Amino acid sequence: MLPTSKTNNRPTTTAKLTPFIKPLCSLNQPAKYLATLSTLALFASAMLTPLYAQAALPEAIQAALTRANLSATDISIVITPVGDKNASRLPAPIQVINSPKQGISNSHIDSQPKSLSVDNVSADPDSIKRQATQNNQPKEVTVYQSPLITIEKQTIKQHEKQLHAYTDDPYTYQSLESSPSLLPDDGQSVPSAPNQNSENNGSNVTTNNIKISFSPLLSHQADIARTPASTMKLVPSFIALDTLGADFVWHTRVYHTGIIIGDKLYGDLIIQGSGDPKMTHERLQQLLYKIQTAGIRHINGDIIVDSAIFKNVSKDPAAFDNSPLRPYNASPDGFLVNFSSIGIQSYPLDNTRAQLTYTPQLANYQLPSMINIRSAACGQARYSLAPQWQPTQLTLNANLPDSCGEHAFYVAYPDAKDFAARVITSKWQTLGNTLTGKVISQEKPYLSNKNIKEGKSPRGLAAIAISPLPIVSYPSLNLTQQIYDINHFSNNVMTEQVALSIGAYDNAGINRNGINSTSINKAGSDKVNANKAGVNKVDVNQESTDKDKVIHQQATSLYRFGRPPATDYSQALQAINHWWQTKLTTPPPHLTNGSGLCRDCTISAENLSELLTYAYEQPSFDAYVSSLGIAGVSGTISAHSERLPESQAIGRAWIKTGTLNNVTSMAGYVKGLSGQDYVAVGLINSDQALNAYTARPVLDAMLDWTAQH
């Protein structure tokens, strides 16, 4: 971990003493008196600087620091009132009550899936059609109007217990699978939960011209840049909402070359990736089913996956913490499938063996279906199964612990593009379709067919260029739904996809459907010009080649002109910095990626506080705050009530947490008992060996203290 400065950017003591020194210096005193004054100033600086750094903290927070063996220099805190307590913009508080009876039955908990959805050898097209119809539409959410939501403590405990017993990676599981929400639909505040006291209960909130500005309730070392861990996700997630809009969707478009005769394509199928953060294996199957219903079941050619929207974003999955198998280390990609992760489900058959199933299936890759059982505790996949990806097969180097039972492990595949190609091949075959060529995933556009690439002139039907319009345009889940996964489950690779998308789509020429209207108009005029050029070229130069014709014809396709510009990390981070400098007053944080999975990323508590305060007044705030975990109830802050059972923040704080070795952090919103809303930010960095979980009660105390106001 990079050392954090404890004195940078503070007002110096010398500056504070300047008003007193200046009058003395102007009295034309002998030099010896000036030297004495200089010595006194240095002495005062040495004495006062520690007092400034060790500013008094509330007793509860200081006591928690002492118990964690930390000092006040290890923490930055900013707590600031926001808004008008008579018109709160926070969702309704949740009251957690003790269960009146034992053996509670909760329909949402009882419906917890017992196994992963396994790819069927022959999928039911009607079932896929129903799924496509249901999942392609934005979710209709009932706005909850009651001032208070009540949930039983035992319900929360049962939910957490079942989740952790079922899988070693609950956040990946909840992001990938269609898991039921802990809260009932009428209590779920996604995407919008306006407070009943607010005059405007619509999704678009018009802010007042006069803004209320508050002094911080507590400010301690607010301007020190620290490693934030996953609280950094608050930055790109809100900037995306503010620039792209809460209803923004990514469109994956499918084109083809050649010609379709019957249900057979004589040419290549082209899938143009859009950077969709959540192309799960189920949604990929729906996309392929839409291609099938568009009239293509057999392809006499290749399937080309164009992921060129993101360039040079692949990373070494072992670079950060030497855990390349963990899904949180997966690389972003222009066509990211299932977070490049496979779910391994174990089913014990007897005391000696267990059956294994995999979701999704990988074409032309061997996955062991049986495993022996050993006597051991069930840990993470890297310990329990010791998996290793070989060129053509997955090797499990340890037997399954008998305590696992039916259990789900998630393992990341090392190559996003190879993973996508294998899953597409498997899904295409599962739908009963055929492919004479292969699936090729590449980080560049499809410029011409393979004959031209080989330097040969195209012949026959293969000379027909890319279709002018897509045969399928498949929308993603909207940004509000994606941001919920990012902040509630702290999904790293989804955050990277969104951060990169800011660089790609935050462009005046790109509308909210991702279409460059200027380019479309240009494509239309270019088509006319190309046709004219083609006629003139034949008349003047009879040596025109088929290759030239193909290039001219491709210029008329939306595939070439409807795409957003390719982006990389530097361009995306530049767009984020530009937004910060335009909208806010504090210096921008230092980002090297968007997820916070980095040691060289830094941000101050003052940075986060200003961002959260600004967000509170914006139209997209409902989507933003609803994406955060609820203290003691859900998300990564659900264990707050176990660490601090009597906390007043339970059900009253919407928080993003962050955890790395030597780093723990929390940032979000708290509704005080007085009715006042607060922005609360706490960042703890320690140079000594620190178990981040022992430091978390310090920030729990911060939330409790805030909620009491």
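In numbering that gives the first Met the number 0, the protein residues as written are 0 to 708. Here a beta-carbon is modelled for each residue, glycine too, at the ideal position from N, C-alpha and C. Values in this document were obtained by computation on a predicted structure and should not be read as measured data.
Kindly list the residues whose CB is nearer than 6 Å to the CB of residue i, restricted to its own chain and excluding five residues on each side of it in sequence; keep chain order.
i: Phe338; result: Pro326, Ala329, Val492
i: Gly667; result: Leu627, Trp653, Ile654, Lys655
i: Leu468; result: Leu557
i: Thr424; result: Ala362, Val438
i: Ala498; result: Pro235, Ala571, Gly593
i: His250; result: Ser273, Ser472, Pro474, Gly513
i: Tyr409; result: Asp168, Thr171, Pro326, Ser340, Gly342
i: Gly300; result: Gly266, Asp267, Gly436
i: Ser608; result: Val77, Thr79, Val678, Val680
In this structure, does DSSP put residue i in helix, strand or coil?
i: Val336; result: strand
i: Arg373; result: strand
i: Lys263; result: strand
i: Gln573; result: helix
i: Arg421; result: helix
i: Thr555; result: coil
i: Ser619; result: coil
i: Trp388; result: strand
i: Thr433; result: strand
i: Ala721; result: Look at the range of the chain in this structure, 0 to 708, and you will see that residue 721 is not part of it.
i: Glu495; result: helix
i: Leu399; result: strand
i: His708; result: coil
i: Leu175; result: helix
i: Ser625; result: helix
i: Gly561; result: coil
i: Leu217; result: strand
i: Ser603; result: coil
i: Tyr346; result: strand
i: Asp154; result: According to the sequence displayed, residue 154 carries Thr and not Asp. If DSSP states are grouped into helix, strand and coil, Thr154 belongs with the helices.
i: Arg88; result: coil
i: Ile223; result: coil
i: Asn135; result: Confidence in Asn135 is poor, its pLDDT being 47 and thus under 50, which makes the residue's placement unreliable; the coordinate value appears in the next sentence. Reduced to three states, the DSSP call for Asn135 is coil.
i: Arg695; result: helix
i: Ala353; result: strand
i: Thr591; result: coil
i: Gln379; result: coil
i: Gln480; result: helix
i: Pro474; result: strand
i: Thr358; result: strand
i: Ser440; result: strand
i: Leu611; result: helix
Excluding the five sequence neighbours on either side, which residues of its own chain have a C-beta within less than 7 Å of the C-beta of residue i, listed in chain order?
i: Gln580; result: Pro587
i: Arg695; result: Arg642, Thr663
i: Ile60; result: Val697, Ala700, Met701, Trp704
i: Ser673; result: Lys84, His708
i: Gln496; result: Gly274, Pro276, Pro331, Leu335
i: Thr693; result: Ala67
i: Asn606; result: Thr585, Pro588
i: Trp388; result: Tyr412, Pro413
i: Ser37; result: Note that Ser37 scores a pLDDT of 46, beneath 50, so its modelled location is shaky; the value from the coordinates is reported in the next line. Cβ within range, chain order: n/a, list empty.
i: Glu215; result: A small correction: the amino acid at residue 215 is Pro; Glu does not occupy that position in the sequence shown. Excluding sequence neighbours, Pro215 sits near Val77, Ile78, Thr79.
i: Pro92; result: Leu147, Gly650, Arg651, Lys670
i: Cys403; result: Ser345, Cys377, Ser383
i: Pro367; result: Leu355, Leu393, Leu395
Go through its chain and collect everything with a Cβ distance to residue i's Cβ below 8 Å, but skip five positions before and after it.
i: Glu542; result: Reliability fails at Glu542, whose pLDDT of 38 lies under 50, so the model's placement of it is uncertain and no value is given.
i: Arg381; result: Ser322, Leu324, Arg325
i: Ile96; result: Thr149, Ile150, Glu151, Lys152
To the nearest whole angstrom, what separates the beta carbons of residue i and residue j, a pair I think is in contact under 8 Å?
i: Ala221; j: Lys443; result: With a Cβ gap of about 46 Å, Ala221 and Lys443 do not count as contacting.
i: Leu702; j: Met665; result: 7 Å
i: Leu583; j: Tyr613; result: 6 Å
i: Ala630; j: Arg651; result: 7 Å
i: Ile501; j: Ile575; result: 6 Å
i: Ala604; j: Ser229; result: Rounded, the Cβ-Cβ distance is 15 Å, inconsistent with contact.
i: Ile303; j: Gln441; result: 7 Å
i: Leu460; j: Gly257; result: 5 Å
i: Pro227; j: Ile470; result: Pro227 to Ile470, Cβ: 44 Å. No contact.
Checklist line | Minimum length 3: unbroken beta strand (DSSP E) runs contained in the segment 628-692 | finding: Within the segment 628-692, the beta strand (DSSP E) runs of at least 3 residues that lie entirely inside it are, in chain order, 652-659, 662-670, 676-684.
Next item on the list: Please go through the segment 271-325 and give each complete alpha helix (DSSP H) segment of 4 or more residues, from N-terminal end onward.
Entry: 280-292
Check: Counting Cβ pairs closer than 8 Å, one from the segment 260-271 and one from the segment 628-641, do we hit at least three?
Finding: no
Note to self: Does the contact criterion of 3 or more C-beta pairs under 8 Å hold for the segment 597-610 versus the segment 477-484?
What the structure shows: no
Check: Is it true that the segment 292-299 meets the segment 365-380, where meeting means three or more beta-carbon pairs spaced less than 8 Å apart?
Finding: Output reads no: the segment 365-380 does not touch the segment 292-299.
Margin query: Between the segment 367-376 and the segment 412-432, can you find at least three pairs of beta-carbon atoms closer than 8 Å?
Written below: no
Note to self: In chain order, what are the residue ranges of uninterrupted beta strand (DSSP E) at least 3 long that sit wholly in the segment 234-259?
What the structure shows: Those beta strand (DSSP E) runs which fall completely within the segment 234-259 and span 3+ residues are 250-255.
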